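Down below is the structure, laid out as structure tokens.
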Amino acid sequence: MSEPTLREDWKDLRENWHDPEYRLGFWKGFIPTFLIRFIFGIIGALFAIFLGGILVRFLIAAIELYL
3 MSEPTLREDW KDLRENWHDP EYRLGFWKGF IPTFLIRFIF GIIGALFAIF LGGILVRFLI
63 AAIELYL
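Below you can see the structure in the form of structure tokens.
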């Protein structure tokens, strides 16, 4: 069985939004997961940029020592 597509998820959300239990599950399940992934994605990107800068500095220093 394959994962539902985004279109199917959106249709399911529109059809069941009136159900308070479904809405509560959406707010307590999807939103925190999305926010955590988004925040960690930004932190990961900044960390990668930081490590990339350090790597470039080491490479430049190594090239200068070699020359």
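Count the sequence shown with the working numbering and you get residues 3 to 69, in order. Using N, Cα and C, we set each Cβ at its ideal position, and we do this for glycine too. As the structure is a prediction and not an experimental result, all values here were calculated from the model.
C-beta atoms of residue i and residue j nearer than 9 Å
i: D14; j: P6; result: yes
Separation of residue j from residue i, as counted between CA atoms
i: F36; j: F42; result: 10 Å
i: A50; j: I38; result: 18 Å
i: I33; j: L26; result: 10 Å
i: L61; j: W12; result: 48 Å
i: F28; j: H20; result: 12 Å
Could you pull out every unbroken alpha helix (DSSP H) segment of at least 4 residues lying fully inside the stretch 19 to 64, listed in chain order? Under the rule that a run must span 4 or more residues, the alpha helix (DSSP H) segments found entirely inside the stretch 19 to 64 read 22 to 27.
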